[in-house]
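Asker: Numbering of the sequence shown is given in this note's numbering, commencing with residue 21 and proceeding in unit increments.
Think of the CB as a built atom: it goes at the ideal place given N, C-alpha and C, for glycine as much as any other residue.
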Amino acid sequence: MLDLGSLNPRQRDAVVHQGGPLVVFAGAGSGKTRVITYRVAHLISAHDVAPWRILAVTFTNKAAGEMQARLLELLGDRGTAVQVGTFHATCARFLRRDGETLGISRNFTIYDDQDQLAVVKRVLRDLGLDEKRYQPKAIAGRINRAKQEVQGPESIETPDPWTEVVRRVYQAYEERLDQANALDFGDLISRTVRGLEADESFHDALTGRFSHVLVDEFQDTNQAQFRLVRSLSEGHRNLCVVGDDDQSIYRWRGADRRNILDFRASFPDATLVKLEQNYRSTQRILRAANAIIARNIDREPKELWTANEEGDAVLVVRTMDERDEARLVLRGVQELLAQGYDPSDIAVFYRTHAQSRVIEEALRSANIGYRIVGGMRFYDRAEVKDLLAYLRVTINPADDMNLLRIVNTPARGIGKTTITRLLDAAAQHGRSLWSVVEEEGLGALGNAAQKRLAGFRKLISGLRDVATSDAPLGEVGAALVERTGYAEMLRHDDTPEADARFQNVQELVASMDEFQREHPDATLADFLENVTLQTSADERVEGDRVTLMTVHAAKGLEFPIVMVTGLEEQVFPFKGIDPWEDPEELEEERRLAYVAFTRAKERLVLSFAAVRRIFGQQRVGIPSRFLHELPAEDTSWIGARSSARSPRPTKPRAPERASTDSYVDYSEGSDVSGLWRGMQVRHPKFGVGEVREVMDGPPPRVSVRFPGWGTRKIIASYLEPA
Numbered sequence: 021m022l023d024l025g026s027l028n029p030r031q032r033d034a035v036v037h038q039g040g041p042l043v044v045f046a047g048a049g050s051g052k053t054r055v056i057t058y059r060v061a062h063l064i065s066a067h068d069v070a071p072w073r074i075l076a077v078t079f080t081n082k083a084a085g086e087m088q089a090r091l092l093e094l095l096g097d098r099g100t101a102v103q104v105g106t107f108h109a110t111c112a113r114f115l116r117r118d119g120e121t122l123g124i125s126r127n128f129t130i131y132d133d134q135d136q137l138a139v140v141k142r143v144l145r146d147l148g149l150d151e152k153r154y155q156p157k158a159i160a161g162r163i164n165r166a167k168q169e170v171q172g173p174e175s176i177e178t179p180d181p182w183t184e185v186v187r188r189v190y191q192a193y194e195e196r197l198d199q200a201n202a203l204d205f206g207d208l209i210s211r212t213v214r215g216l217e218a219d220e221s222f223h224d225a226l227t228g229r230f231s232h233v234l235v236d237e238f239q240d241t242n243q244a245q246f247r248l249v250r251s252l253s254e255g256h257r258n259l260c261v262v263g264d265d266d267q268s269i270y271r272w273r274g275a276d277r278r279n280i281l282d283f284r285a286s287f288p289d290a291t292l293v294k295l296e297q298n299y300r301s302t303q304r305i306l307r308a309a310n311a312i313i314a315r316n317i318d319r320e321p322k323e324l325w326t327a328n329e330e331g332d333a334v335l336v337v338r339t340m341d342e343r344d345e346a347r348l349v350l351r352g353v354q355e356l357l358a359q360g361y362d363p364s365d366i367a368v369f370y371r372t373h374a375q376s377r378v379i380e381e382a383l384r385s386a387n388i389g390y391r392i393v394g395g396m397r398f399y400d401r402a403e404v405k406d407l408l409a410y411l412r413v414t415i416n417p418a419d420d421m422n423l424l425r426i427v428n429t430p431a432r433g434i435g436k437t438t439i440t441r442l443l444d445a446a447a448q449h450g451r452s453l454w455s456v457v458e459e460e461g462l463g464a465l466g467n468a469a470q471k472r473l474a475g476f477r478k479l480i481s482g483l484r485d486v487a488t489s490d491a492p493l494g495e496v497g498a499a500l501v502e503r504t505g506y507a508e509m510l511r512h513d514d515t516p517e518a519d520a521r522f523q524n525v526q527e528l529v530a531s532m533d534e535f536q537r538e539h540p541d542a543t544l545a546d547f548l549e550n551v552t553l554q555t556s557a558d559e560r561v562e563g564d565r566v567t568l569m570t571v572h573a574a575k576g577l578e579f580p581i582v583m584v585t586g587l588e589e590q591v592f593p594f595k596g597i598d599p600w601e602d603p604e605e606l607e608e609e610r611r612l613a614y615v616a617f618t619r620a621k622e623r624l625v626l627s628f629a630a631v632r633r634i635f636g637q638q639r640v641g642i643p644s645r646f647l648h649e650l651p652a653e654d655t656s657w658i659g660a661r662s663s664a665r666s667p668r669p670t671k672p673r674a675p676e677r678a679s680t681d682s683y684v685d686y687s688e689g690s691d692v693s694g695l696w697r698g699m700q701v702r703h704p705k706f707g708v709g710e711v712r713e714v715m716d717g718p719p720p721r722v723s724v725r726f727p728g729w730g731t732r733k734i735i736a737s738y739l740e741p742a
């Protein structure tokens, strides 16, 4: 018999629940994987459920592997018969076994994201559509969203010409996949759902196979995934879903947390269990995290608690700028290593990939190894390498490798055939590729190809003129981004990755400007040499490393020490977040902060900068509203103290430790007006609004967003705190 003595009362309730739907709200660090595996083991050992009749579904191969390993520990060989897998792997098995009733061959090929993109590009060419105007990645993303909602091309509404193009491409794309006997990732789930809902034979074959269905990370499911598990459990209704709406941070890729919040609306007889005891963090870290997430309105109420020690106060540090913040990270890492921590005990989080560069450089300067999770080192990112290749070619046109990288990036109609002919001509005459380009291909090209090549030649010549002039390196970088068309390409790319890529491009330009400020006599060649030597040194670092990652990549992980950087308005919460236009966006940012804080086991350090150069511009750093929401008794401030008031309904508080510096010295004009960005204010005519910007006078004025009235600029004296 399975020993349940190690479970706490709420965990045990979830494990032993019998009959009917069950929703488990599992807070961060509350042992949800333990609950799922024990529940499966209990069904088998206490209720004689056949292992092969239990289906457990999760999101990643890593999570599925961990679940399978725990089942082996609990059940021995019987654990191998439990059907554990990701959504995609599970549906692929279904379709290979029973998909012929849906007209799907058992030997279908699964197309990955790159395969999908290649098919979309081919369809665009076949339809005579310009890839620059109709970005393949954007169209592929729209097709994926349609499949997440189980929509075929015939269901796509076409309110505008662009959407009509998407529908046409989607239709032709599906025809291409059918011809190739292929399914993409979205098809694996959407085609399974369609079969379950429309084909009785397919439905009966699948639903009759399982008597229990369990789903992990249910807050991250999309509509297709919800419909899948609902259909699979229709007969027996033994559906157990586990998740945490407070950790739903993937809305941008289709996750719908309403699936878990509204679970009891879909299953009115569902039993609800909340796991609120945390086994990971200290009490003070949890109180800080609870204070942040409690501000969200649209959530299932819960409050984490722990039997762990009280722990150190959450440390909040003001730095002068992003480089000072990077030095703070470095000093912190060095002190922790001196105290006996391993590098792998330490994690540094940031909101966007572009923020990693200065932190990477600080760690490299001290020969401290690091690894980037869920991303790559700054100078290894494709867009950064593309632009560095342009810079290298401007200095050394004979660099064939870098010239090949950029000759058709961004796309300018210089295709593989043209490039092959250029390479052949270079080899035949013993010349560099650039010399062949300069001489119009040495007769190897037709008129159209020569014309396109002339445009590229003119571009490189112009860039060389800028690079060899006395222009500052920052201006050289800015000219590069605009003249090459790289900025325009990213501006017209509406995929989720485009914004991050554009930030990286801007950050590269900022790094050039920064390098020259530190080395006034530096040339472009000096900058490129510095980059090359930095990245070469990276490759020699071995062994234990500090972990760097975005907060999105941190979900599901834990570390003894966590440093969260960039806690400023327009950084975290992210720029463009408008709580009036879309309150859900701000709530998701708050959930993201909650996820970041609850990764820490022993110590949590939060930092913000008084001034930050990011996204291609320098801006005054206004402390994040999330810092104002922290409980005074659990925070310690260094280099700053909290302002007298913080956004409603936070109460005034004084920090445990403070210097003579103050936030108000760095909050645009707030030393005059007593107002700051994010504060709730009241106007006699417009009512309650939120401060968007504070401007120095005389008299000081404030930009305020009022619901129903829009944004108004108002003299500060006409406003009072709401």
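1) Going by DSSP, name the residue or residues bridged to I74.
2) Taking the beta carbon of T731 as the centre, do at least 16 other beta carbons fall within 10 Å, making it buried, or is it exposed?
3) Which residues does DSSP pair with W325 in a beta bridge?
4) According to DSSP, is D204 helix, strand or coil?
5) Tell me whether G435 sits in a helix, a strand or coil according to DSSP, three-state version.
6) Go to E355, then tell me how far its alpha helix (DSSP H) extends in each direction, as first and last residue.
7) Among residues of its own chain, excluding the 5 on either side of E159, which ones have a beta-carbon nearer than 7 Å to its beta-carbon?
8) What residue from A244, N298, R247 has the CA that sits closest to A327's CA?
9) Between the stretch 197-215 and the stretch 153-173, are three or more C-beta pairs nearer than 8 Å?
10) T106 and A89 - do their beta-carbons sit closer together than 8 Å?
11) What are the uninterrupted segments assigned as alpha helix (DSSP H) that are 4 or more residues long and contained completely in the stretch 586-644, given in chain order?
12) When DSSP labels each residue in this structure, what does I124 get in the three-state scheme?
13) Between which two residues does the beta strand (DSSP E) holding W657 run?
14) Go ahead and label E676 buried or exposed: buried means 16 or more other beta carbons lie within 10 angstroms of its beta carbon, across all protein chains shown.
15) L350: which of V44, I305, V261, I388 sits nearest, CA to CA?
16) Is the beta carbon of E739 sitting closer than 8 Å to the one on R712?
17) Which same chain residues, not among the five before or five after A616, have their C-beta less than 6 Å away from its C-beta?
18) How about D564 and S364: do their beta carbons lie closer than 8 Å?
19) Using CA coordinates, which residue listed in M699, V722, T110 is at the minimum distance from P741?
20) By DSSP, does T227 sit in helix, in strand, or in coil?
21) Report buried or exposed for W454, applying the criterion of at least 16 other Cβ atoms within 10 angstroms of its Cβ.
22) On the DSSP bridge list, what partners appear for Y410?
23) Please report how far the alpha carbon of F726 lies from the alpha carbon of F79, in whole angstroms.
24) Helix, strand or coil: which one does DSSP assign to V551?
25) Can the beta-carbon of K322 be found closer than 8 Å to that of E345?
26) In terms of DSSP beta bridges, what is G709 paired with?
27) Under DSSP, the alpha helix (DSSP H) around V185 begins and ends at which residues?
28) Would you mind giving the Cβ-Cβ distance between G331 and I305, rounded to the nearest angstrom? I have them listed as a contact below 8 Å.
29) By the 10 Å Cβ neighbour count, where 16 or more other Cβ atoms means buried, how is V44 classified, buried or exposed?
30) Would you identify the three-state DSSP class for Y683, choosing helix, strand or coil?
31) Under 8 Å, do V413 and I434 count as touching if we go by C-beta distance?
32) Can you name the start and end residues of the beta strand (DSSP E) that Y506 belongs to?
33) Going by DSSP in three states, F222 sits in which element: helix, strand or coil?
34) Assign E329 to one of two classes, buried (16 or more other C-beta atoms within 10 Å of its C-beta) or exposed (fewer than that).
35) For E502, which option in Q155, V566, R319, L483 has the closest C-alpha, if you only look at C-alpha atoms?
36) Considering only C-alpha positions, which residue in the set F283, D204, F230 is nearest to F238?
Answerer: Looking at the coordinates:
1) What you label residue 74 is simply residue 54 of the sequence shown in a count that begins at 1. Partner(s): H232.
2) Start at 1 with the first residue of the sequence shown, and residue 731 comes out as number 711. It counts as exposed.
3) Counting from one through the sequence shown, the residue named residue 325 turns up at place 305. Bridge partners of W325: Q297.
4) Within the sequence shown, the letter at position 184 stands for residue 204. In the structure shown, D204 sits in a strand (DSSP, three-state: E or B).
5) Along the sequence shown, read from residue 1 onward, the residue named residue 435 stands at position 415. Of the three classes helix, strand and coil, the one that applies to G435 here is coil, per DSSP.
6) Counted from its first residue, the sequence shown places residue 355 at position 335. Run containing E355: 342-358, per the alpha helix (DSSP H) assignment.
7) The residue you call residue 159 lines up with position 139 of the sequence shown. Correcting the residue type first, residue 159 is Ile in the shown sequence and not Glu. Setting aside the 5 residues that flank it on each side, I159 is surrounded in the same chain by V140, V186, V189, each with a C-beta closer than 7 Å to its C-beta; the list follows chain order.
8) Numbered from its first residue, the sequence shown carries residue 327 at position 307. Looking at the Cα atoms, N298 is the closest of the given residues.
9) The answer is yes - the stretch 153-173 touches the stretch 197-215, with three or more Cβ pairs under 8 Å.
10) Start at 1 with the first residue of the sequence shown, and residue 89 comes out as number 69. Start at 1 with the first residue of the sequence shown, and residue 106 comes out as number 86. No, the Cβ-Cβ distance between A89 and T106 is not below 8 Å.
11) Annotation: the stretch 586-644 contains the following complete segments of the alpha helix (DSSP H) (minimum length 4 residues), in chain order: 603-617.
12) On the sequence shown, position 104 is the one that residue 124 refers to. I124 falls in the coil class under three-state DSSP.
13) Here residue 657 refers to the residue found at position 637 of the sequence shown. 655-658 is the span of the beta strand (DSSP E), which, as asked, contains W657.
14) On the sequence shown, residue 676 is found 656 positions in, with the first residue counted as 1. In this predicted model, E676 has a pLDDT of only 35, less than 50, meaning its place in the structure is not dependable; the value taken from the coordinates is given anyway. The Cβ neighbour count for E676, taken over all protein chains shown within 10 Å, is under 16; the residue is labelled exposed.
15) Locating residue 350 in the sequence shown gives position 330, where the first residue counts as 1. Comparing C-alpha distances from L350 to each of V44, I305, V261, I388 shows the shortest one belongs to I388.
16) In the sequence shown, the residue the question calls residue 739 occupies position 719. In the sequence shown, the residue the question calls residue 712 occupies position 692. At residue 739 the sequence reads Leu, which differs from the Glu that was named. L739 places its beta carbon 8 Å or farther from that of R712.
17) The residue labelled residue 616 in the question sits at position 596 within the sequence shown. If you ignore the 5 residues before and after A616, its C-beta comes within less than 6 Å of the C-beta of F369, V571, V584, all in its own chain and listed in chain order.
18) By one-based count along the sequence shown, residue 564 stands at place 544. By one-based count along the sequence shown, residue 364 stands at place 344. Yes. Within cutoff.
19) As a first step, residue 741 is located in the sequence shown; it is residue number 721 there, counting from the start. Cα-wise, what sits closest to P741 is M699.
20) For the purposes of this step, residue 227 is taken as the residue at position 207 of the sequence shown. Reduced to three states, the DSSP call for T227 is helix.
21) As a first step, residue 454 is located in the sequence shown; it is residue number 434 there, counting from the start. Under a 10 Å Cβ-count criterion, W454 is classified as buried, with 16 or more other Cβ atoms of the shown protein chains found around its own Cβ.
22) By 1-based counting over the sequence shown, the position of residue 410 is 390. Partner(s): none; Y410 has no beta bridge.
23) Within the sequence shown, the letter at position 706 stands for residue 726. Within the sequence shown, the letter at position 59 stands for residue 79. The alpha-carbon separation between F726 and F79 amounts to approximately 41 Å.
24) Numbered from 1 along the sequence shown, position 531 holds the residue referred to as residue 551. DSSP places V551 in helix when its eight states are reduced to three.
25) By one-based count along the sequence shown, residue 322 stands at place 302. By one-based count along the sequence shown, residue 345 stands at place 325. Contact flag unset, no.
26) For the purposes of this step, residue 709 is taken as the residue at position 689 of the sequence shown. DSSP output for G709 lists V701 as bridge partner(s).
27) In the sequence shown, the residue the question calls residue 185 occupies position 165. Secondary structure note for V185: its alpha helix (DSSP H) is the uninterrupted segment 181-199.
28) Within the sequence shown, the letter at position 311 stands for residue 331. Within the sequence shown, the letter at position 285 stands for residue 305. 6 Å between Cβ atoms; contact.
29) Against the sequence shown, residue 44 aligns to sequence position 24. It is buried - the Cβ of V44 has at least 16 other Cβ atoms within 10 Å.
30) Your numbering for residue 683 matches position 663 in the sequence shown. With a pLDDT of only 27 at Y683, under the threshold of 50, the placement of this residue in the model should not be trusted, and no figure is reported.
31) Within the sequence shown, numbered from 1, the residue matching residue 413 stands at position 393. Within the sequence shown, numbered from 1, the residue matching residue 434 stands at position 414. Contact flag unset, no.
32) One-based indexing of the sequence shown puts residue 506 at position 486. Not the beta strand (DSSP E): Y506 falls in the alpha helix (DSSP H), residues 506-511.
33) As a position in the sequence shown, residue 222 is number 202, starting the count at 1. In the three-state reduction of the DSSP assignment, F222 falls in the helix class.
34) The count along the sequence shown starts at 1 and reaches residue 329 at position 309. Classification for E329: exposed.
35) Taking the first residue of the sequence shown as position 1, residue 502 is located at position 482. Restricting attention to Q155, V566, R319, L483, the CA atom closest to the CA of E502 is found in L483.
36) One-based indexing of the sequence shown puts residue 238 at position 218. Of the candidates F283, D204, F230, the one whose C-alpha sits nearest the C-alpha of F238 is F283.
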